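In my numbering, the protein residues as written are 3 to 113.
Yeah, the Cβ is synthetic: ideal placement off N, Cα and C, and Gly gets one too.
Here the structure is a predicted model, which is why all the values come from computation and not from measurement.
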Ligand SMILES: [Zn+2]
């Protein structure tokens, strides 16, 4: 627990082994833009408390593809979400977009 161990962990050579910094989107792992949404991998209504930072478009995509019941079943496991064919397609498509890129992800209900 020596303080110097922490300093050593900041060595640039170790960067590949440390988890992504917090300014990356939980879902797509792209750098976050100006607009950051908080997303609950386990819905609040299902007892989820932890939230993660995501792009607005990523949050909406998750909510479009999965029902709350499915999200609760995934227990907040990102690998479950990114294995879904719709999410695979979305991640592939969004990979080259700018951090603040946004677009309608689902038909909106008419007022
Ligand atoms: Zn994202």
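Alpha-carbon to alpha-carbon, residue j and residue i
i	j	result
residue 48	residue 71	8 Å
residue 68	residue 105	18 Å
residue 90	residue 84	6 Å
residue 92	residue 63	8 Å
residue 100	residue 43	24 Å
residue 78	residue 30	15 Å
residue 32	residue 58	12 Å
residue 113	residue 52	Note on residue 113: pLDDT 49, under 50, position unreliable in the model; the coordinate value appears next. The alpha-carbon atoms of residue 113 and residue 52 are separated by roughly 33 Å.
Any non-hydrogen atom of ligand 1 within 7 Å of residue i CB
i	result
residue 62	no
residue 57	yes
residue 91	no
residue 29	yes
CB contact flag (residue i, residue j, <8 Å)
i	j	result
residue 37	residue 94	no
residue 61	residue 39	yes
residue 66	residue 98	no
Contact set for residue i: own chain, Cβ-Cβ below 8 Å, skip 5 residues either direction
i	result
residue 45	70, 73, 74
Nonlocal neighbours in the same chain, by C-beta distance under 7 Å from residue i, ignoring five residues either side
i	result
residue 28	41, 54, 55, 56, 80
message: Just to confirm the assignment: which complete beta strand (DSSP E) runs, minimum length 3, are found wholly within the segment 32-72?
response: Along the segment 32-72, the beta strand (DSSP E) occurs as fully enclosed runs of 3 or more residues at 39-41, 54-56, listed in sequence order.
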